[in-house]
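One rule links them: number in the working numbering = place in the sequence shown (from 1) + 6. Report on one structure; see the data block that follows.
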Amino acid sequence: MRVRVLFLPLLLATAACSVNPQGSPEQGEPETSAAQQDLAARISEIEKASGGRLGLALHSPDKGLVYAYRGDERFAMCSTFKLALAAMTLDTPGLREKRLHFGAGDILSYAPYAKERASFGWMSGLEAAHHAVTLSDNTAANLLLAEVGGPDGFTRWLRSMGDETTRLDRNEPALNENAPGDPRDTTTPTAHADLVGTLLWGDRLAQADRALLQEWLVETTTGMNRLRAGLPGEWRAGDKTGTCGTGVQGEVNDIAMFETSDGSRYILAAYLDRADGSASDAEARLAEAARAIADWLQQMGA
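In structure tokens, the structure reads:
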């Protein structure tokens, strides 16, 4: 496992370097700053204390990849894929206005908005996208997948967005299995942070749609105890959570967008797989990781 740090103007230099899990530079690589070493040590300690496997990637629309810890390792997406699915909905002509019909048999155990709409028997594509993000409604996600060619169609769209790594293979709830070594329904922290940065701040989507996705992330409340809990309160932030598996196959994820006091924008993708303790304990570890990242950015002048 390697930790990758990319430094551009705000972050002291323009060269990429790697540090080992203990935070010291590897032979033949440039010396790292005390702040870098402290960050690497903190993230490594958070992972060790969790008892699981932690993956992180920090992406900037101006600087690209800024920091990564297990950034190229695969993790189950869980519900974090729903943000990209919502973006695909907005990018698909006519889908946001379309009525998506469903019956009692389509309503999954976690589907708060679908249950609210059960008496109507339909929701619009826009409503489905909205609540797939803000409430992580599983039925809403499945209804949208049915309209875009299923998991294969969604994955093809990801490729058109420049993501050659992320793959969706199954619908809800099967995609949450998180079996050891299974590449299905997975991404890497680096790939997903880059994808979300493209969707929110790139030129692939209309500006109004990018703004809408950002509004939904800020509106989301499912991740208030995860990455956002570790970020300074004055930083504008939003996120999309993911939770899947049970027991020894559990995973707790979060992808946050945030803007620092100096106006710099970032995506932080975090995946914690098979951690010890409860889901609340795992959430606290993600908050600790975000706090470490925020402290580092502030040391660098953010």
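Quick reminder that beta carbons are idealized off the backbone N, C-alpha and C, glycines included. Remember, it's a predicted structure, so these values are computed and weren't measured experimentally.
Asked, Found
"By the three-class DSSP mapping on this structure, what secondary structure does phenylalanine 264 have?", "strand"
"Going residue by residue through the region 80-158, where are the continuous alpha helix (DSSP H) segments of at least 4 residues, counting only ones entirely within it?", "87-97, 118-122, 131-140 and 144-153"
"In chain order, what residues of the same chain have a beta carbon less than 6 angstroms from the beta carbon of asparagine 148, not counting five sequence neighbours either side?", "Asn177 and Glu178"
"Would you give the residue range spanned by the beta strand (DSSP E) that lysine 54 belongs to?", "Counting along the chain, lysine 54 falls outside any beta strand (DSSP E), though it belongs to the alpha helix (DSSP H) covering 40-56."
"For the beta strand (DSSP E) that threonine 247 lies in, which residues bound it at each end?", "242-250"
"Would you mind working out which of Gln305, Leu206 and Thr86 sits nearest threonine 387, comparing C-alpha positions?", "Any answer about residue 387 is impossible in this case: the structure gives the chain only from 7 up to 308."
"For arginine 232, which three-state DSSP category applies?", "coil"
"With leucine 64 and alanine 199 assumed to form a contact (beta carbons below 8 angstroms), what rounded beta-carbon distance in angstroms separates them?", "7 angstroms"
"For aspartate 279, write down the residues that DSSP places opposite it in a beta bridge.", "Arg59 and Glu257"
"Between the alpha carbons of alanine 300 and leucine 71, how many angstroms are there, rounded?", "16 angstroms"
"Is threonine 140 closer than 8 angstroms to glutamate 225 when the C-beta atoms are compared?", "yes"
"Report all residues from its chain with a CB closer than 6 angstroms to the CB of serine 30; omit the five preceding and five following residues, and keep chain order.", "Below a pLDDT of 50, predicted positions are generally treated as unreliable, and serine 30, at 35, falls in that range; the measurement from the model is reported next regardless. Within the same chain, serine 30 has no close Cβ partners at all."
"Give the single residue among Pro118, Phe126, Val154 and Pro157 whose Cα lies nearest to the Cα of alanine 138.", "Pro118"
"How about aspartate 346 and leucine 201: are their beta carbons less than 8 angstroms apart?", "What is shown of the chain runs 7 to 308, which leaves residue 346 out entirely."
"Nearest-angstrom Cα distance between threonine 266 and alanine 288?", "25 angstroms"
"Rounded to whole angstroms, how far is the Cβ of threonine 196 from the Cβ of arginine 80, which I believe are closer than 8 angstroms?", "Actually they do not touch by this definition, with Cβ atoms about 11 angstroms apart."
"My output table needs one value for threonine 192: the three-state DSSP class, helix, strand or coil.", "strand"
"Within the same chain, show all residues whose beta-carbon is closer than 6 angstroms to that of glutamine 28, passing over the 5 residues directly before and after it, in chain order.", "Confidence at glutamine 28 is low in this model, with a pLDDT of 35, below 50, so the placement of that residue is unreliable and no value is reported for it."
"When you compare the region 51-70 with the region 271-289, are there three or more beta-carbon pairs, one atom per stretch, that lie closer than 8 angstroms?", "yes"
"Quick one: Cα of glycine 229 to Cα of lysine 121, how far?", "22 angstroms"
"Under 8 angstroms: do the region 158-176 and the region 246-262 share three or more Cβ pairs, one atom per stretch?", "no"
"According to the neighbour-count rule (16 or more other Cβ atoms, all chains shown, within 10 Å of its Cβ), is arginine 105 buried or exposed?", "exposed"
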